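Basically the numbering used here = 1-based index in the sequence shown + 1151. Just so you know, even glycine gets a beta-carbon here, dropped at the ideal spot from N, CA and C. Values in this document were obtained by computation on a predicted structure and should not be read as measured data.
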Amino acid sequence: MIESILFKEIEIVSGSSVKTGDVLVKNGKIVEVGWDLPDHAEHIVSDSGLVLMPGVIDPHVHFRDPGAEHKEDLESGSKAAASGGVTSFFDMPNNTPATTSQAAVAHKKKLASEKSIVNYNFYIGATLNNLEDLNQCQNVPGIKIFMGSSTGSLLVDRKEDLAHIFANGSRLIAVHAEDEEMVQDNKRRFADSTDPADHMLIREDGAALKATKLAVSLAKKYKRRLHILHLTTIEEALFLEHQGGSGLVTSEVSPQHFLLWGPDVYARLGTLAQINPPIRTKRHADGLWRALKSGVINCIATDHAPHTLEEKLQPFGKAPSGMPGVETSLPLMLSLVNQNRCTMKDVVRWMCEGPAEIFGIRGKGKIEVGFDADLVLVDMGARTVLRNASTVSRCGWTAFDGHKIQGIPIATFVNGQMVYREGDFFTEIKGKEIEIAAPWDKR
Ligand code: DOR
Ligand code: ZN
């Protein structure tokens, strides 16, 4: 274990500033940020030309452990995360069996403590009858409700059942917002379809808007903290904009929803592009990007949902929904910085500070004295081409195969320990459970 690291004369991006300076890390924490700090550290990093940013917090992944470890497990998923500059993740509850009890959450935390090289925590999934577990469970980012069905068996779609959960308890509720009835009606209409582009018609725009409106109305009625997962339509963004920014309702967007669009992506990638909620038209992709830039959408999450190529290449109707993303999100965003489409400060706000604030994570998301030393060294000049063959995730493919990147995470530090550097992993290091210190999380 390394006790201390000094990052010397490095460009530091954090908060509202980009400045050159030194960062001293001791026993897992940032203890000094300044200039000309004395070289009293066990390890000195002075690669001039590199940028130091806070580790990315990805608040939405599906690491498949336990239950479908052939797609991913907490070791392979956390390595994929580390290689992409992600130092913390929240994992979703649609495992087999689903993570809907305190014991199931505790089991996942134990698995992670043995396998994950980055920091972790786990959503608890809502069912029709687990209210006590939802509210009693210790230290989770929130309750995940599938208002529309997706991978796995979790579903709470009736208004009365949703109201019962919103009305009883205070911790954050995160929703997969798609109207189940509309989607099922469309599924019947398109039952014979063999065209993956029909996925965006089956999971129509209006189904997402209807569910988002219902969730927001319940949040307002019961004054319940609500987070809308993976926003996909411009109409939902406009609707949220008109709710005002009281902080009661927040939302996230995934890079694939603003960087890819139909029908092109379905013609190119077929069922590989099939995810829920779906990749929609360019009008939506552009609208989501604008909503992120204007602050209506509060953060980026990958919705990393790995399935094997064999599973994904089944015919439309049989192939499962979901695509990986945890290792490509930061390189994709750094490339947008290099294209002058956004700034490094935007990226840090959307991927580090934003998630920390939304979920009430203390001591992460910034490079400041007292904060955890979760850090990423980035080479903004380095170029690569994303390839299926170079994928770290066990699923072995990416929807961005062939995509040119400029801006690469070179090394990733978790609690002051280097867990990744240029293709090498240091798996003897393990991450920690992320403490949720949100004011609304009263149990
Ligand atoms: O496309 C999706 N895949 N959407 C979800 O809601 C679940 C995810 C998965 O777990 O495969
Ligand atoms: Zn998801």
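Integer Cβ distance of residue i from residue j, believed to fall under 8 Å
i, j, result
"N1272", "I1587", "7 Å"
"R1431", "M1351", "5 Å"
"A1233", "V1570", "5 Å"
"L1323", "V1529", "Not quite, the Cβ-Cβ distance comes to about 30 Å (not below 8 Å), so this is no contact."
"I1161", "L1203", "5 Å"
"F1297", "R1375", "So it is not a contact: roughly 17 Å between Cβ atoms."
"G1421", "P1347", "5 Å"
"R1354", "P1457", "In fact, because the Cβ distance is near 20 Å, the residues do not count as touching under 8 Å."
"I1275", "P1248", "About 13 Å separates the two Cβ atoms, so there is no contact after all."
"G1521", "I1153", "Their Cβ separation, rounded to whole angstroms, is 19 Å, which puts G1521 and I1153 out of contact at 8 Å."
Residue interval of the alpha helix (DSSP H) (run including residue i)
i, result
"V1488", "S1480 to N1489"
"N1286", "L1282 to Q1287"
"L1497", "Looking at the sequence provided, one finds Asp at residue 1497 rather than Leu. That run of the alpha helix (DSSP H) goes M1495 to V1499."
"P1560", "Counting along the chain, P1560 falls outside any alpha helix (DSSP H), though it belongs to the beta strand (DSSP E) covering K1555 to V1565."
"T1363", "D1356 to Y1373"
"K1463", "L1460 to K1463"
The ligand ZN heavy atom lying under 7 Å from the CB of residue i
i, result
"A1550", "no"
"A1456", "yes"
"G1191", "Note that residue 1191 corresponds to His in the displayed sequence, not to Gly. No, the ligand ZN has no heavy atom inside 7 Å of this Cβ."
"H1213", "yes"
"M1474", "no"
"M1243", "yes"
Simplified DSSP assignment, three categories, for residue i
i, result
"D1349", "helix"
"M1204", "strand"
"L1528", "strand"
"S1227", "helix"
"S1167", "coil"
"F1341", "coil"
"I1385", "helix"
"S1304", "coil"
"G1421", "helix"
"D1190", "coil"
"A1452", "coil"
"V1447", "coil"
"D1330", "coil"
"L1537", "coil"
"E1579", "coil"
"L1391", "helix"
"L1439", "helix"
"A1325", "strand"
"D1209", "strand"
"M1474", "strand"
"V1520", "coil"
"D1198", "coil"
"K1177", "strand"
Closer than 7 Å: residue i CB and nearest the ligand DOR heavy atom
i, result
"G1547", "no"
"N1491", "no"
"N1246", "no"
"I1294", "no"
"I1430", "no"
"P1471", "yes"
"G1218", "no"
"G1302", "Looking at the sequence provided, one finds Thr at residue 1302 rather than Gly. Indeed, a heavy atom of the ligand DOR lies less than 7 Å from the Cβ."
"I1426", "yes"
"H1327", "yes"
Extent of the continuous beta strand (DSSP E) run through residue i
i, result
"M1569", "Q1568 to R1572"
"N1270", "N1270 to F1273"
"F1317", "From DSSP, F1317 is part of no beta strand (DSSP E) but of the alpha helix (DSSP H) over K1310 to A1318."
"G1185", "K1180 to G1185"
"S1264", "It is not in any beta strand (DSSP E) - S1264 instead sits in the alpha helix (DSSP H) that spans Q1253 to K1266."
"S1239", "V1237 to D1242"
"H1408", "Where H1408 is concerned, there is no enclosing beta strand (DSSP E), although the alpha helix (DSSP H) it sits in stretches over P1406 to L1410."
"F1510", "From DSSP, F1510 is part of no beta strand (DSSP E) but of the alpha helix (DSSP H) over G1505 to F1510."
"G1377", "One detail in the question is off: residue 1377 reads as Leu in this sequence, not Gly. Per DSSP, L1377 belongs to the beta strand (DSSP E) from L1377 to I1379."
"K1593", "Segment: none, K1593 is in no beta strand (DSSP E) and carries neither H nor E."
"K1295", "I1294 to F1297"
Minimum Cβ-Cβ distance from residue i to chain B less than 8 Å
i, result
"D1415", "The structure shown contains no chain B; it is built from a single protein chain."
Take every Cβ of the stretch 1206-1217, pair it with every Cβ of the stretch 1233-1242, and state whether three or more of those distances are shorter than 8 Å.
yes
So, does the stretch 1321-1339 touch the stretch 1380-1392, judging by three or more C-beta pairs under 8 Å?
yes
State whether the stretch 1422-1438 contacts the stretch 1477-1489, with contact taken as three or more CB pairs (one from each stretch) at a distance under 8 Å.
no
If contact is defined by three or more beta carbon pairs under 8 Å, each pair taking one atom from either stretch, is the stretch 1153-1170 in contact with the stretch 1182-1194?
yes
contact_flag[the stretch 1442-1456, the stretch 1404-1414] where n(CB pairs < 8 Å) is 3 or more:
yes
When you compare the stretch 1484-1495 with the stretch 1505-1520, are there three or more beta-carbon pairs, one atom per stretch, that lie closer than 8 Å?
no
Counting beta carbon pairs with one atom in the stretch 1394-1403 and one in the stretch 1307-1321, are three or more of them shorter than 8 Å?
no
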